[in-house]
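First the structure, in the form of structure tokens, and then the observations on it.
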Amino acid sequence: MSAPRCTLALAALCAFAQARAADELVVASPQPDSVAVTVYRDDLALITETRTVTLPAEPVTLSIDGVVETLLPQSAVLDGVGRQLAESNFSFDRLTPVSLLERSVGETVILTRTNPKTGRVSRERARILAANAGVVLALEGGHEALYCSGLPERLELEKVPGELVAKPRLSVRLAAGEPGSRTLKVSYLAHGFAWSSDYVAHLNDASDRMRLDGWATLTNRTGTAFAQAQVQVVAGRLNLIGAEQRGSRGDFEPRDDEDNVNADVLDRAARAEAEKAVAALRGCFPAPLPVAAPAVYADRAVPLGMAAARAKGALEEVVVTASRVMSREQLGDYQLYRMPLPTDLGARETKQVAFLAKRAVRVDRFYSFRIDSYDAIRDDEVETPNVVLSFQNTERAGLGEPLPSGRVRVFEGYAGGEVFAGEADMGDRPVGLPVELTIGRALNLTLETTSDFDLERRLGVKFTIVGREHRVVNHKGTAVTMEIRHSIAGWESLKVRRSSLRATSKYGDLAWRFNVPAGGVEVLRYELEATR
Amino acid sequence: MPTLRRTSLGCLLAVAATSALAQDNPDKRLSLTIYNSNLALVEHVRPLNLPAGRHRIEFKGVSAEIISQTVSFGASGLEIIEQNFDYDLLTPQKLMEKAVGQQVRIVRTNPGTGAESSEEAEVLSTVGGVVLKIGERIEVLRDDGIPARVIFDKVPPNLRASPTLSVLAEAAKPVSADVTLAYLTHGLSWNADYVAVFDEAKGEVALQGWITLENMSGTTFTNAITQLVAGDVNVVGNEAQWWQRYNQRRATNTRRGAGIETSNRQQLADYYVYPIAQPTTVANNQKKQVSFLSAERVQASKGYEQTFYQLESQQEPVSAEVRVRFSNSKAAGLGDQLPSGVVRVYARDARGQPQFVGEDRIGHTSAGSDLALKIGDAFDVTVQQTLKQTNRISSRSSEYVMSYLVRNARALPTTVTIRQDDLWRFNEVRAESIKGRRTDADSFAWDVPVPANGETELTFTIRQSW
Numbered sequence: 340m341s342a343p344r345c346t347l348a349l350a351a352l353c354a355f356a357q358a359r360a361a362d363e364l365v366v367a368s369p370q371p372d373s374v375a376v377t378v379y380r381d382d383l384a385l386i387t388e389t390r391t392v393t394l395p396a397e398p399v400t401l402s403i404d405g406v407v408e409t410l411l412p413q414s415a416v417l418d419g420v421g422r423q424l425a426e427s428n429f430s431f432d433r434l435t436p437v438s439l440l441e442r443s444v445g446e447t448v449i450l451t452r453t454n455p456k457t458g459r460v461s462r463e464r465a466r467i468l469a470a471n472a473g474v475v476l477a478l479e480g481g482h483e484a485l486y487c488s489g490l491p492e493r494l495e496l497e498k499v500p501g502e503l504v505a506k507p508r509l510s511v512r513l514a515a516g517e518p519g520s521r522t523l524k525v526s527y528l529a530h531g532f533a534w535s536s537d538y539v540a541h542l543n544d545a546s547d548r549m550r551l552d553g554w555a556t557l558t559n560r561t562g563t564a565f566a567q568a569q570v571q572v573v574a575g576r577l578n579l580i581g582a583e584q585r586g587s588r589g590d591f592e593p594r595d596d597e598d599n600v601n602a603d604v605l606d607r608a609a610r611a612e613a614e615k616a617v618a619a620l621r622g623c624f625p626a627p628l629p630v631a632a633p634a635v636y637a638d639r640a641v642p643l644g645m646a647a648a649r650a651k652g653a654l655e656e657v658v659v660t661a662s663r664v665m666s667r668e669q670l671g672d673y674q675l676y677r678m679p680l681p682t683d684l685g686a687r688e689t690k691q692v693a694f695l696a697k698r699a700v701r702v703d704r705f706y707s708f709r710i711d712s713y714d715a716i717r718d719d720e721v722e723t724p725n726v727v728l729s730f731q732n733t734e735r736a737g738l739g740e741p742l743p744s745g746r747v748r749v750f751e752g753y754a755g756g757e758v759f760a761g762e763a764d765m766g767d768r769p770v771g772l773p774v775e776l777t778i779g780r781a782l783n784l785t786l787e788t789t790s791d792f793d794l795e796r797r798l799g800v801k802f803t804i805v806g807r808e809h810r811v812v813n814h815k816g817t818a819v820t821m822e823i824r825h826s827i828a829g830w831e832s833l834k835v836r837r838s839s840l841r842a843t844s845k846y847g848d849l850a851w852r853f854n855v856p857a858g859g860v861e862v863l864r865y866e867l868e869a870t871r
Numbered sequence: 006m007p008t009l010r011r012t013s014l015g016c017l018l019a020v021a022a023t024s025a026l027a028q029d030n031p032d033k034r035l036s037l038t039i040y041n042s043n044l045a046l047v048e049h050v051r052p053l054n055l056p057a058g059r060h061r062i063e064f065k066g067v068s069a070e071i072i073s074q075t076v077s078f079g080a081s082g083l084e085i086i087e088q089n090f091d092y093d094l095l096t097p098q099k100l101m102e103k104a105v106g107q108q109v110r111i112v113r114t115n116p117g118t119g120a121e122s123s124e125e126a127e128v129l130s131t132v133g134g135v136v137l138k139i140g141e142r143i144e145v146l147r148d149d150g151i152p153a154r155v156i157f158d159k160v161p162p163n164l165r166a167s168p169t170l171s172v173l174a175e176a177a178k179p180v181s182a183d184v185t186l187a188y189l190t191h192g193l194s195w196n197a198d199y200v201a202v203f204d205e206a207k208g209e210v211a212l213q214g215w216i217t218l219e220n221m222s223g224t225t226f227t228n229a230i231t232q233l234v235a236g237d238v239n240v241v242g243n244e245a246q247w248w249q250r251y252n253q254r255r256a257t258n259t260r261r262g263a264g265i266e267t268s269n270r271q272q273l274a275d276y277y278v279y280p281i282a283q284p285t286t287v288a289n290n291q292k293k294q295v296s297f298l299s300a301e302r303v304q305a306s307k308g309y310e311q312t313f314y315q316l317e318s319q320q321e322p323v324s325a326e327v328r329v330r331f332s333n334s335k336a337a338g339l340g341d342q343l344p345s346g347v348v349r350v351y352a353r354d355a356r357g358q359p360q361f362v363g364e365d366r367i368g369h370t371s372a373g374s375d376l377a378l379k380i381g382d383a384f385d386v387t388v389q390q391t392l393k394q395t396n397r398i399s400s401r402s403s404e405y406v407m408s409y410l411v412r413n414a415r416a417l418p419t420t421v422t423i424r425q426d427d428l429w430r431f432n433e434v435r436a437e438s439i440k441g442r443r444t445d446a447d448s449f450a451w452d453v454p455v456p457a458n459g460e461t462e463l464t465f466t467i468r469q470s471w
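Structural data, given as structure tokens:
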């Protein structure tokens, strides 16, 4: 078929094409010279592209091609053009099964039907009358709706309508000005990028020092590949509008799916798009039975199928780079980590880079148990304390580096080798703050708690009295440090009436800390009183 | 080809009219007035040449999201008899609905033999399934699951591939004039987007404002004279939208003092109007941006804030909110009102490259207002909350001893504002380590100075009763 025909029905659609054609000069910038990518936590990246263009003196439309498809148009900024910007447009008429049919209204296509029994294929010329909610065709014998007969049906088109582009485009209208070559900076925010930090801690035999390695895992889930890009990541929480819609996660929320940081988000998007497409093309008159099997459609829907495969991470590749550690600098109130060298960041690629390596960090490993203010204690209950790894983020303790939030996996020596001792999620930890990680439950250490019910009964209505006895039995071959905390939330005018060990305060709780010898027993007794 | 009985309204009109004219001539003038709230006023001016008599005039290229009750049509010398909104789009569903009472042809394919058989049928109903009358039998289309094609002889003329408006009008004598077609439509909206480059050392922000126009109306508007109206126009009956806007406003906590300056922008009643300099093409499914504001050096500062709504202990320290504060007053270097939108804040990294550092939404902000944008949480400035002691004073009164440990891991001294909010009806501060202030009936605030790489503990005792 020749040039796009502007039939009456197509008038509205063609108007756009004509407007483009009638425009002033167009200068195209097919790809950037160099790219910098700054990846943030919440499915977001700032892309800064450097491009060289030669501008004429006349007003011109600058067509910036090959931008990342997930671009947020309202965030795009153009710098260094040296003349007035009249307006900027972001058009991305993506080539999808839906847009293909919508833009082919008025065109003549071939309708192919296959007789399910005989396998005989009939081919017929048809004109697309409308593609709104369902497709209506004009055939020689009359008018029919596509995909409504229950027969296997297929459309064959001769060409892709011109306006549909495979790659997104940002176009900018510039006023007249000095002609010549310009180096432009185009920057914009885009989704489909994420990074997470993970730590590996190796404890020494005495459990008082650890080696701490920090790894940044960077994911590019877009279809754009970046060659020799300057890549950096930002740690800290940015305020983002509508972050919940983009599927962001809070710092302390455990990650259920650690490898596919935002796979679910893209998955959802792909599914929604597919559903929309089906709704748009599969519209039929009411039929009591489900029309044509969607599988037939899925076979043809290559772009959607690919999106789904992408979202599942089927095309993913993991590249580990560990030779050099990322450098860090302060960016306003966040931490910015730079990749040591420009790097290739492929489409749908995951990359890992080290950002922290500390040889000997002083740690305190102890066991902890916390009692809620009003816990009813059964006498025969045996509890298992938590294993806690605690350290100070200071230079004196062998650390003193900002620690971006992430999961810490702890390994300890065992029988000449190493075993996994547990893991915990840690929030952002600046220098100078203590860190406490609950990495697991104790083995060979038990806690039995009994209540003094007589005491609690004796004091009537005005007071709450609690009497507790905690018996810690250490079946291990080494002495351990035990910490017991009792929450006082909701208790007024609290007094410690008596305590077998000195009570201190920690995180607003009452706390006791004591040693339990190897194979030994330690008992803590106390009575608390509060106004009811 | 069998002749069809014409029963639909559109067809009757077409027959009754002496002539039907399709008005496909491009607009002589097209103007768009776009409001914030997914609403726009569209005005098409088209030349019209008609002989005397009764005519049905069709307008293609109107918005698919047209609010048909708002259509007005004006041309001198023409008397309007009827306005029809035949913007029924051609879909398989509509095609079948319009065929009720008419003959269609059914072609069945026998799944066993593959043989095709063809029959004439009358469509009786299309509600929840298609009921057909074939000869003397009544059947439901495809309730046996056997493939069956439905062939329609004709597409009713009022079902269209694109939205069309038609007017039945009478001209006493030949007319050669411009007609004006005006209506309200959904699907067009705009909002402001701002780029703010913050220079902490200089205490300045460079602010650029962009209007982002979005067209989801299903129609491309070519060379339209476009103006944008800022301000919330009341729109009845869209509760969901209203709720969204309400929530949006509630979530916006950026204005710290409303301005009383008047800017020199064009005003329309109580709203501000932003005209776009040149006629512009607003394509369907397009986002368009036009610059409307640029201020190079606006005085700005940065501060840390954290509000606590509970008197309790927390094991995890909280990162303090980072706020960039500036005023859109003339004195501060701006002097313009700011329509509601999102401000994206950038700061330069060590290499001088602007990096994104967070965003916040502002409401319609009159000139001279003080703004405090929350851009994120400070990595290095944290607050740890501890409830140290609670004392019962009487059965309706208690005292709370609070401690806030503010830590600063930055190499610069700073001040963090701690606010305790949502207190009981009667409340007073009985003791405090730093002099604070009452901010409203149920909140207090303290400005806590913290040395570089150091910490400060704020303690206070609040008595509250009911």
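Heads up: the protein sequence lines correspond to chains A and B, in order.
Okay, so the first sequence: first residue is 340 according to this note's numbering, each after it adds one.
Okay, so the second sequence: first residue is 6 according to this note's numbering, each after it adds one.
By construction, the Cβ of each residue, glycine as well, lies at the ideal position given by its N, Cα and C atoms.
What you are looking at is a predicted structure, and each value in this text was computed from that prediction instead of being measured.
In angstroms with no decimal places, state the Cα-to-Cα distance between R864 (chain A) and E757 (chain A). Residue numbering aside, residue 864 (chain A) sits at position 525 when the first sequence is read from its first letter. Residue numbering aside, residue 757 (chain A) sits at position 418 when the first sequence is read from its first letter. Using only the alpha carbons, I get a separation of about 38 Å.
Taking DSSP as the reference, what is the three-state secondary structure of E321 (chain B)? The count along the second sequence starts at 1 and reaches residue 321 (chain B) at position 316. Note: E321 (chain B) maps to coil in three-state DSSP.
Is there a C-beta anywhere in chain A that falls below 8 Å from the one on E310 (chain B)? Position 305 of the second sequence, counted from the first residue, corresponds to residue 310 (chain B). False, the Cβ-Cβ gap to chain A never drops below 8 Å.
Three or more C-beta pairs under 8 Å: does that hold for the segment 453-466 of chain A against the segment 324-332 of chain B? no
Test item: CB-CB of E722 (chain A) and T788 (chain A) under 8 Å: Position 383 of the first sequence, counting from 1, holds the residue named residue 722 (chain A). Position 449 of the first sequence, counting from 1, holds the residue named residue 788 (chain A). Yes, Cβ-Cβ distance for E722 (chain A) and T788 (chain A) is below 8 Å.
Cα-Cα separation, L35 (chain B) to L523 (chain A): As a position in the second sequence, residue 35 (chain B) is number 30, starting the count at 1. As a position in the first sequence, residue 523 (chain A) is number 184, starting the count at 1. Distance between the alpha carbons of L35 (chain B) and L523 (chain A) is about 35 Å.
Might you give, ordered along the chain, the residues of its own chain that have their beta carbon closer than 6 Å to the beta carbon of L490 (chain A), omitting 5 neighbours on each side? Translated into the one-based positions of the first sequence, residue 490 (chain A) becomes position 151. Sequence-distant partners of L490 (chain A) (beyond 5 residues in either direction) whose C-beta falls short of 6 Å from its own C-beta, in its chain, are R452.
Using a Cβ-Cβ cutoff of less than 8 Å, which residues in the same chain neighbour P856 (chain A) once the five nearest sequence positions on both sides are dropped? As a first step, residue 856 (chain A) must be located in the first sequence, where it is residue number 517. The answer, listed in chain order, is N813, A818.
Can you name the residues of chain B whose CB is closer than 8 Å to the CB of R459 (chain A)? Numbered from 1 along the first sequence, position 120 holds the residue referred to as residue 459 (chain A). Chain B residues near R459 (chain A): G119.
Rounded to the nearest angstrom, how far is the Cβ of W830 (chain A) from that of T464 (chain B), given a contact under 8 Å? Counting from 1 along the first sequence, the entry for residue 830 (chain A) is found at position 491. Counting from 1 along the second sequence, the entry for residue 464 (chain B) is found at position 459. Actually they are not in contact, since the Cβ atoms of W830 (chain A) and T464 (chain B) sit about 19 Å apart, beyond 8 Å.
Short Cβ contact (8 Å threshold) for V2 (chain B) with W215 (chain B): This structure does not reach residue 2 (chain B), given that chain B is present from 6 up to 471, and the question cannot be answered.
8 Å Cβ shell around V455 (chain B) - same chain, five flanking residues per side excluded: Counting from one through the second sequence, the residue named residue 455 (chain B) turns up at place 450. Closer than 8 Å at Cβ, skipping near neighbours: V386, V411, R412, N413, P418, T419, T420, V421, T461.
Could you tell me which of A:L401, A:V406, A:V570 sits nearest to Q691 (chain A), measuring between CA atoms? Within the first sequence, residue 691 (chain A) is the residue found at index 352, counting from 1. Ranking the options by Cα distance to Q691 (chain A), first place goes to A:V570.
What does Q425 (chain B) touch in chain A if you count any residue whose Cβ is under 8 Å from its own? On the second sequence, residue 425 (chain B) is found 420 positions in, with the first residue counted as 1. The premise fails here: Q425 (chain B) is roughly 16 Å from chain A at the closest Cβ pair, so nothing lies under 8 Å.
In chain A, which residues lie less than 8 Å from K207 (chain B) when you measure between Cβ atoms? Working through the second sequence from its first residue, we reach residue 207 (chain B) at position 202. The contacting residues do not exist; K207 (chain B) stays about 14 Å from chain A at best.
Quick check: is the beta carbon of H482 (chain A) nearer than 8 Å to any beta carbon in chain B? For the purposes of this step, residue 482 (chain A) is taken as residue 143 along the first sequence, with counting starting at 1. Closer than 8 Å: yes.
Can you tell me the Cα-Cα spacing of I111 (chain B) and E70 (chain B), whole angstroms? Indexing the second sequence from 1 puts residue 111 (chain B) at position 106. Indexing the second sequence from 1 puts residue 70 (chain B) at position 65. I111 (chain B) and E70 (chain B): Cα-Cα distance of roughly 35 Å.
Please report how far the alpha carbon of Y279 (chain B) lies from the alpha carbon of F297 (chain B), in whole angstroms. Position 274 of the second sequence, counting from 1, holds the residue named residue 279 (chain B). Position 292 of the second sequence, counting from 1, holds the residue named residue 297 (chain B). Inter-residue distance for Y279 (chain B) and F297 (chain B) is about 8 Å (C-alpha atoms, whole angstroms).
Leaving out the 5 sequence neighbours to the left and right, which residues in its chain are closer than 6 Å to A126 (chain B) when beta-carbon positions are compared? Here residue 126 (chain B) is taken as the residue at index 121 of the second sequence, counted from 1. Hits under 6 Å: V109, I111, L137, I139.
The segment 152-186 of chain B: which residues have C-beta closer than 9 Å to a C-beta of chain A, in chain order? P152, A153, R154, V155, I156, F157, D158, K159, V160, L164, R165, A166, S167, P168
What residues of chain B sit near L867 (chain A), judged by a beta carbon separation below 7 Å? As a first step, residue 867 (chain A) must be located in the first sequence, where it is residue number 528. In chain order: nothing, as chain B lies at least about 13 Å away.
Identify every residue that forms a DSSP beta bridge with A555 (chain A). The sequence position of residue 555 (chain A) within the first sequence is 216, counting from 1. Beta-bridge pairing by DSSP links A555 (chain A) to A:S536, A:V692.
Measuring only between beta-carbons, confirm whether T820 (chain A) sits less than 8 Å from chain B. Mapped onto the first sequence, residue 820 (chain A) falls at position 481. Judged by the 8 Å Cβ criterion, T820 (chain A) is not in contact with chain B.
Are the C-beta atoms of P518 (chain A) and some chain B residue less than 8 Å apart? Locating residue 518 (chain A) in the first sequence gives position 179, where the first residue counts as 1. Closer than 8 Å: no.
Of all the beta strand (DSSP E) runs that stay within the bounds of the segment 420-450 of chain A, which reach a length of 3 or more residues? 424-430
Could you check where the alpha helix (DSSP H) with E102 (chain B) kicks off and where it finishes? Here residue 102 (chain B) refers to the residue found at position 97 when the second sequence is read from its first residue. Start and end: 97-103.
Using the C-alpha atoms, what's the distance from T185 (chain B) back to Q232 (chain B)? In the second sequence, residue 232 (chain B) corresponds to position 227, counting from 1. In the second sequence, residue 185 (chain B) corresponds to position 180, counting from 1. So the two alpha carbons sit approximately 18 Å from each other.
Using only CA atoms, which one of B:D341, B:G441, B:F203, B:I467 lies nearest to T267 (chain B)? Residue numbering aside, residue 267 (chain B) sits at position 262 when the second sequence is read from its first letter. The residue with the shortest Cα to Cα distance from T267 (chain B) is B:D341.
Please classify D767 (chain A): is it buried, with 16 or more other beta-carbons within 10 angstroms of its beta-carbon, or exposed? Position 428 of the first sequence, counted from the start, is the residue given in the question as residue 767 (chain A). Flag for D767 (chain A) reads buried.
Which of the three DSSP states, helix, strand or coil, is assigned to Q413 (chain A)? Residue numbering aside, residue 413 (chain A) sits at position 74 when the first sequence is read from its first letter. Looking at Q413 (chain A) - three-state DSSP - the assignment turns out to be helix.
Quick one: using the 10 Å Cβ neighbour count with 16 as the cut-off for buried, is W851 (chain A) buried or exposed? Position 512 of the first sequence, counting from 1, holds the residue named residue 851 (chain A). W851 (chain A) should be labelled buried.
In terms of alpha-carbon separation, which member of B:L95, B:A288, B:L212, B:R154 lies closest to L37 (chain B)? For the purposes of this step, residue 37 (chain B) is identified with residue 32 of the second sequence, where counting begins at 1. The shortest C-alpha separation from L37 (chain B) is found at B:A288.
Starting from R435 (chain B), find everything on chain A with Cβ-Cβ shorter than 7 Å and list it in chain order. As a working mapping, residue 435 (chain B) is identified with position 430 in the second sequence. Result: empty, since nearest Cβ-Cβ is about 15 Å, beyond 7 Å.
Leaving out five residues before and five after L772 (chain A) in sequence, what residues of the same chain have Cβ atoms less than 6 Å from its Cβ? Locating residue 772 (chain A) in the first sequence gives position 433, where the first residue counts as 1. Hits under 6 Å: N732.
Whole-number beta carbon distance between V323 (chain B) and Q311 (chain B), since they are thought to touch under 8 Å: Here residue 311 (chain B) refers to the residue found at position 306 of the second sequence. Here residue 323 (chain B) refers to the residue found at position 318 of the second sequence. The pair is a contact, with the Cβ atoms about 6 Å apart (cut-off 8 Å).
Contact set between the segment 452-467 of chain B and chain A, restricted to residues whose Cβ is under 8 Å from the partner: N458, E460
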